[in-house]
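*Asks:* One structure follows; several queries about it will come next.
There are 2 protein chains.
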Amino acid sequence: MASMEARKDDDELTADELRELWAILSEDERVENFLGLPPEDAEDLFTGLAPLEQGELLLAIPVGQRRIWMRTLAPDDAADLLQEIEGDTKEELIKLLDEPTRREVRALMAYAEDDAGGLMSPRFARVRPDMQVDEAIRYLQKQARERLEAIYYAYVLDSEQRLLGVCSFRELFAAAPARLVRDVMQTEPVTVREEMDQEAVALMMKRHGFLALPVVDADDHMKGIVTLDDIVDVVDEEATEDVQKFGGMEALENPYMQTSFGAMIRKRAGWLAILFVGEMFTATAMARYEHEIAKAVVLAVFVPLIISSGGNSGSQASTLIIRAMALGEVKLRDWWRIVQRELAAGLTLGLVLAVVGAIRVSVWEAVFHTYGAPYRLIALTVATSLVGVVTVGTLCGSMLPLMLKRVGLDPASASAPFVATLVDVSGLLIYFTAAKFILRGTLL
Amino acid sequence: MASMEARKDDDELTADELRELWAILSEDERVENFLGLPPEDAEDLFTGLAPLEQGELLLAIPVGQRRIWMRTLAPDDAADLLQEIEGDTKEELIKLLDEPTRREVRALMAYAEDDAGGLMSPRFARVRPDMQVDEAIRYLQKQARERLEAIYYAYVLDSEQRLLGVCSFRELFAAAPARLVRDVMQTEPVTVREEMDQEAVALMMKRHGFLALPVVDADDHMKGIVTLDDIVDVVDEEATEDVQKFGGMEALENPYMQTSFGAMIRKRAGWLAILFVGEMFTATAMARYEHEIAKAVVLAVFVPLIISSGGNSGSQASTLIIRAMALGEVKLRDWWRIVQRELAAGLTLGLVLAVVGAIRVSVWEAVFHTYGAPYRLIALTVATSLVGVVTVGTLCGSMLPLMLKRVGLDPASASAPFVATLVDVSGLLIYFTAAKFILRGTLL
């Protein structure tokens with residue numbers, strides 16, 4: 219708020235301030251401040267906005283100024299922007315591009331947004347295998363002057379645009395001028411297919427540590443490059459999706475502050491209701507034990523503690539496994555090793571909590587005499603249940619993501635609700651069964 | 219498992235298979251297969267391993283072979299590897315490097331791992347402002363042949379190594395050969411300071427979309443560059459840490475499969491015990507209402523449902539805010555807008571669940587006559603409590619991360635336990651208070 223007031227004093231925002239405040243400014247304020255920036259700052263700001271923000275801005279500025287901003291964008295960024303825009307306006311904006319770019323952009327828009335094809339840039343540096351190194355460098359200089367975005371690698375193509383090899387720019391630069399490109403290039407380059415999912419592309423790029431990967435079709439024709447800066451966005455996007463799904467909601471498509479209230483409620487209410495209906499089984503389970511609770515009301519006192527312990531251990535285990543799967547550290551075929559590990563972990567963690575719990579019941583009893591004579595038996599019931607509940611929670615939490623993945627569902631989105639319901643209901647069954655055995659003849 | 223058996227048949231793993239299976243192979247199997255790879259594949263595999271994995275491999279292969287592998291690594295990667303290694307062996311490995319690299323590596327090891335200085339590479343392309351463009355390109359070619367890792371940008375330094383400006387390689391390449399570097403370069407380049415936290419560096423790099431950022435000291439002396447591929451690792455690392463902390467545990471330092479059982483239990487047991495002790499307040503709260511439960515056992519039946527609904531809505535809200543803060547979408551100063559938004563969201567979501575809950579109690583009653591005569595009042599109690607609990611859960615969930623950040627704590631690690639305890643205990647208070655008002659004179 220302080221910066222907002224400062225703004226009114228001298229009535230001008232710097233580019234950095236404008237970027238900071240973008241989300242909370244009105245459309246008019248955005249346009250006014252944007253048009254007031256020095257051209258270089260404005261370009262920096264514009265290209266740094268998310269595609270949706272760029273689209274909104276473009277539709278808000280005077281029609282006559284749209285052309286230069288559309289032409290500022292690289293073809294893949296233009297395609298991303300256009301994908302955010304509905305209806306007739308989309309065609310109008312496409313018409314602002316020059317003819318070759320328009321063709322590139324239309325080709326890119328045909329790909330699904332999450333595919334390698336939807337991420338790639340069609341502008342890459344190309345050389346021929348029979349060029350000399352010095353000739354190749356001159357040819358690259360010419361490409362750099364024309365329409366190349368950035369130089370990462372030079373791709374060696376045959377006359378039918380099939381990818382033969384790759385030279386890093388450094389290799390080309392360091393090679394003797396008279397050598398042939400085909401003798402300098404790396405053959406059998408790592409490639410991705412147009413229809414490969416962006417998450418898989420990100421894993422490949424991280425594994426190999428390249429700045430860019432060539433995108434090819436089924437016949438090895440080179441279609442474009444996916445660059446590391448696109449992948450950084452993908453990594454962020456996928457992590458956010460996983461985190462939000464794990465938090466028990468549908469992933470938002472836009473940043474929190476840019477998501478409309480209605481859209482946010484829809485994304486949140488759905489899962490919350492599903493979770494709620496699932497949790498209703500706890501009421502069914504509790505109803506089965508009404509008789510026991512009526513006899514020993516003290517049993518009800520520990521219900522929230524027991525089920526939350528199961529839930530917490532389940533959520534630890536499923537977070538671990540979901541994240542490890544997302545990073546490719548854990549595969550489906552590792553399931554048996556995970557079972558062994560998590561079974562041991564569950565028992566150990568359950569014992570730790572049981573000891574803490576037993577101490578708690580005993581200390582309370584010594585000080586307040588809350589539970590009356592059979593407090594030792596109540597402590598035993600709580601302790602036994604904790605070991606069972608935490609073990610079941612840990613096992614369910616670690617196995618459900620793997621099972622969901624096995625049947626083709628997204629482990630991140632479906633695990634939390636299933637784990638919660640399963641663990642809460644089975645926690646109640648374990649607790650009251652333990653109570654029946656241990657307290658029979660005393661409290662029950 | 220299938221691939222393990224296939225391996226025994228033909229007794230050789232390809233580089234890709236080896237990378238896939240790395241985590242589950244024994245040390246002997248790793249060494250044997252690694253040494254059996256063609257040199258180029260082996261190098262690709264080695265540089266793609268995590269620093270810890272590289273260190274373990276290096277210590278497992280014959281002493282005579284260590285030198286070439288140490289020398290394969292760029293100085294920043296060598297420093298990362300050495301930071302994973304304890305005691306005397308560290309010095310032995312440093313001695314394997316050539317003298318200039320050894321100096322670079324020692325300088326890098328002095329930085330904290332999470333700082334810009336700990337991430338940066340000291341090998342960057344430098345030019346002088348008074349060179350001609352063609353001269354600068356020839357000078358860069360010389361640097362490329364020597365010890366440069368990759369060419370991203372050419373940094374323009376004065377005679378005291380102070381950073382004056384930056385040329386993208388493409389700009390230099392496209393400029394007329396006779397122009398001076400100082401006329402082509404961008405002045406006032408975006409820089410990061412050596413001691414800047416890696417998360418802040420990642421945010422800056424993503425915002426500006428550069429492939430590399432120059433690292434400078436307090437007097438603008440250039441120290442190195444942080445490149446985008448280091449940032450991809452940072453983004454992954456930070457997301458994993460946030461996810462694991464959010465799942466209610468300490469972040470693991472290594473991948474799941476490479477973490478020892480003992481280390482994993484320690485990371486998990488601590489928070490689980492803290493959560494457990496926090497949740498004990500639910501038992502205290504429940505004990506206060508033993509009298510009411512004894513009179514109307516049916517009240518106990520809905521306890522798990524009520525508190526889990528509060529917990530779920532709290533966890534949605536805190537996931538959203540924590541992730542939005544991590545991505546820089548939401549700042550502390552936005553707190554009032556968030557309160558308004560989440561208050562409205564909480565009430566709406568609570569009403570949705572209340573309707574679902576009321577329908578459930580009514581349908582059950584119509585079919586099974588579970589709750590007896592005052593079922594309408596019980597439905598009203600549950601519905602009222604749900605609106606209260608979900609609203610409180612949503613508000614606590616969204617505000618606690620902001621408050622923790624405000625007092626300098628990590629919102630990701632501390633929110634989950636605080637939210638859970640606060641929401642569960644306040645949920646019980648809301649539920650039993652509602653019951654006392656609504657059921658007075660009938661069940662209570």
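Those protein sequence lines, which keep their order, are chains A and B.
For the first sequence, position 276 matches number 494 in our numbering, and the numbering has no gaps at all.
For the second sequence, position 205 matches number 423 in our numbering, and the numbering has no gaps at all.
Just so it is clear, CB atoms sit at the ideal spot from N, CA and C, and this is done for glycine as well.
Remember, predicted model here, so these are calculated numbers, not experimental data.
Residues bridged to Leu-398 (chain B) by DSSP?
*Replies:* Leu-398 (chain B) pairs with B:Gln-350.
*Asks:* List, in order along the chain, the chain B residues whose C-beta lies closer than 9 Å to that of Ser-531 (chain A)?
*Replies:* Under the 9 Å cutoff, chain B gives Gly-466, Arg-486, Leu-490.
*Asks:* How long is the line joining the alpha carbons of Ile-577 (chain B) and Leu-567 (chain B), rounded to whole angstroms?
*Replies:* Roughly 16 Å between the two C-alpha positions.
*Asks:* Exposed or buried, what is Val-581 (chain B) when buried is set at 16 or more other beta-carbons lying within 10 Å of its beta-carbon?
*Replies:* It counts as exposed.
*Asks:* Taking the CB atoms as reference points, tell me whether Pro-280 (chain A) and Leu-299 (chain A) lie closer together than 9 Å.
*Replies:* Not a contact, by the Cβ cut-off of 9 Å.
*Asks:* In the structure shown, what three-state DSSP assignment does Leu-211 (chain B) receive?
*Replies:* Any question about residue 211 (chain B) goes unanswered here, given that chain B covers just 219 to 662.
*Asks:* Count Cβ pairs between the region 515 to 532 of chain B and the region 493 to 511 of chain A that sit closer than 8 Å; are there 3 or more?
*Replies:* Contact between the region 515 to 532 of chain B and the region 493 to 511 of chain A is present, because at least three Cβ pairs lie under 8 Å.
*Asks:* Is it buried or exposed for Glu-459 (chain A), if we count other Cβ within 10 angstroms and need 16 for buried?
*Replies:* By the neighbour-count rule (16 or more Cβ atoms within 10 Å), Glu-459 (chain A) is buried.
*Asks:* Which of the three DSSP states, helix, strand or coil, is assigned to Ala-343 (chain A)?
*Replies:* Looking at Ala-343 (chain A) - three-state DSSP - the assignment turns out to be strand.
*Asks:* Counting only the same chain and skipping the five closest in sequence on each side, list residues whose C-beta sits under 8 Å from that of Leu-263 (chain B).
*Replies:* The answer, listed in chain order, is Ala-233, Leu-236, Arg-237, Phe-252, Leu-255.
*Asks:* Would you say Lys-549 (chain A) reaches chain B, if we count a Cβ-Cβ gap shorter than 9 Å as a contact?
*Replies:* It does: the Cβ of Lys-549 (chain A) has a partner Cβ on chain B nearer than 9 Å.
*Asks:* For Ala-297 (chain A), report the span of its alpha helix (DSSP H) as first-last.
*Replies:* Per DSSP, Ala-297 (chain A) belongs to the alpha helix (DSSP H) from 293 to 301.
*Asks:* Can you pull the chain A residues whose beta carbon is under 7 Å from the beta carbon of Val-453 (chain B), in chain order?
*Replies:* The answer, in chain order, is Val-450, Val-453, Asp-454.
*Asks:* Please tell me whether Phe-424 (chain A) has its Cβ less than 9 Å away from any Cβ of chain B.
*Replies:* Residue identity check: residue 424 (chain A) is Lys in the sequence provided, not Phe. Yes - at least one Cβ of chain B is within 9 Å of the one on Lys-424 (chain A).
*Asks:* Anyone know if the C-beta pair for Gly-615 (chain A) and Val-637 (chain A) falls short of 9 Å?
*Replies:* Yes, the pair counts as a contact, with Cβ atoms nearer than the cut-off.
*Asks:* Pair every Cβ in the region 330 to 350 of chain A with every Cβ in the region 434 to 443 of chain A, then say whether three or more of these pairs are closer than 8 Å.
*Replies:* Verdict: yes, contact present.
*Asks:* May I have a chain-ordered list of the alpha helix (DSSP H) segments no shorter than 4 residues that lie completely inside the region 564 to 634 of chain B?
*Replies:* Taking only runs of at least 4 residues, the alpha helix (DSSP H) segments lying wholly in the region 564 to 634 of chain B are 593 to 624.
*Asks:* Under 8 Å, with one C-beta from each stretch per pair, do the region 299 to 316 of chain A and the region 422 to 434 of chain A reach the 3-pair mark?
*Replies:* In short, these stretches do not touch, since the Cβ pair count stays below three.
*Asks:* Between the C-alpha atoms of Tyr-474 (chain B) and Gly-480 (chain B), what's the straight-line distance to the nearest angstrom?
*Replies:* Looking at the two C-alpha atoms, the distance is approximately 12 Å.
*Asks:* Verify the CB distance criterion: does Leu-650 (chain A) have a CB-CB separation below 9 Å to chain B?
*Replies:* Here residue 650 (chain A) is Phe; the residue named in the question, Leu, does not match the sequence. No, Phe-650 (chain A) lies away from the interface with chain B (no Cβ there is under 9 Å from its Cβ).
*Asks:* Span of the beta strand (DSSP E) holding Pro-432 (chain A)?
*Replies:* That run of the beta strand (DSSP E) goes 430 to 434.
*Asks:* Taking the beta strand (DSSP E) that Val-374 (chain A) belongs to, which residues open and close that run?
*Replies:* Element bounds for Val-374 (chain A): 371 to 375.
*Asks:* Val-574 (chain A) touches chain B at which residues, Cβ-Cβ below 8 Å?
*Replies:* Residues of chain B passing the Cβ test: Ala-491, Phe-494, Val-495.
*Asks:* Just to confirm before moving on: does the CB-CB distance between Leu-613 (chain B) and Ala-535 (chain B) stay below 9 Å?
*Replies:* Yes, the pair counts as a contact, with Cβ atoms nearer than the cut-off.
*Asks:* What distance in whole Å lies between the Cβ atoms of Ile-525 (chain A) and Gly-645 (chain A), which are believed to be in contact at a cut-off of 8 Å?
*Replies:* Gly-645 (chain A) to Ile-525 (chain A), Cβ: 5 Å. Contact.
*Asks:* Helix or strand or just coil, what does DSSP make of Leu-267 (chain A)?
*Replies:* In the structure shown, Leu-267 (chain A) sits in coil (DSSP, three-state: anything other than H, G, I, E or B).
*Asks:* So, using beta-carbon positions, are Glu-471 (chain A) and Thr-477 (chain A) closer together than 9 Å?
*Replies:* For Glu-471 (chain A) and Thr-477 (chain A), yes; Cβs fall inside 9 Å.
*Asks:* By the three-class DSSP mapping on this structure, what secondary structure does Val-408 (chain A) have?
*Replies:* Of the three classes helix, strand and coil, the one that applies to Val-408 (chain A) here is coil, per DSSP.
*Asks:* Is it the case that the region 372 to 387 of chain B contacts the region 346 to 354 of chain B, given that we only count it when at least three CB pairs across the two stretches are under 8 Å?
*Replies:* Verdict: yes, contact present.
*Asks:* In the region 504 to 523 of chain A, which residues sit with their C-beta less than 8 Å from some C-beta in chain B, listed in chain order?
*Replies:* The residues in question are Met-504, Ala-505, Glu-508, Ile-511, Ala-512, Val-515, Val-516, Ala-518, Val-519, Phe-520, Val-521, Pro-522, Leu-523.
*Asks:* Report the rounded CA-to-CA distance for Arg-285 (chain B) versus Ile-312 (chain B), giving the unit in angstroms.
*Replies:* Distance between the alpha carbons of Arg-285 (chain B) and Ile-312 (chain B): 10 Å.
*Asks:* If you reduce the DSSP assignment to three classes, tell me which class Ser-478 (chain B) lands in.
*Replies:* Three-state result, Ser-478 (chain B): coil.
*Asks:* My output table needs one value for Leu-382 (chain B): the three-state DSSP class, helix, strand or coil.
*Replies:* Strand, per DSSP.
*Asks:* Which residues of chain A have a Cβ atom closer than 7 Å to the Cβ of Ile-212 (chain B), listed in chain order?
*Replies:* Outside the shown range of chain B, which is 219 to 662, sits residue 212 (chain B), and nothing can be said about it.
*Asks:* Quick one: Cα of Ala-354 (chain A) to Cα of Val-399 (chain A), how far?
*Replies:* Looking at the two C-alpha atoms, the distance is approximately 7 Å.
*Asks:* Is Asp-447 (chain B) helix, strand or coil when you go by DSSP?
*Replies:* Here Asp-447 (chain B) sits in helix by DSSP.
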